Amino acid sequence: MPLQELEVSRIWADVIGIPEADADTNFFDLGGNSMLLLELINQLNEKLGIDTDVLMLLEHPTVAKLTSHVNSLDA
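Numbering follows UniProt numbering, in which position 29 of the sequence shown is assigned residue number 29; successive positions increment by one, without gaps.
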């Protein structure tokens, strides 16, 4: 089942503490930091079963890019 941007966006927003996360805005530009990045990894793994890590999120720092990347791995 393809990962949906809305699911990822909600988790990003919750972790950062903002009302919503734009799909094309960098995690750090939304207010994220290194500690929140670790929390984001934990939440994505726990809630969506995404086996992600710091490097993956640094290489794909937006909701849209991460979602696209994860979906390409599942294809």
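Note that CB positions come from ideal geometry on N, CA and C, so glycine has one too.
Bear in mind that the values here come from a model prediction, so they are computed numbers and not experimental data.
Taking the Cα of Thr25 as reference, the smallest distance to any Cα among Pro19, Ser72, Lys65 is reached at Lys65.
The residue among Met56, Glu20, Lys47, Ala23 with its C-alpha nearest the C-alpha of Leu37 is Met56. With fewer than 16 other Cβ atoms inside 10 Å of its own Cβ, Leu73 counts as exposed. Secondary structure within the UniProt domain "Carrier" (1 to 74): not one fully enclosed beta strand (DSSP E) run of 3 or more consecutive residues is present.
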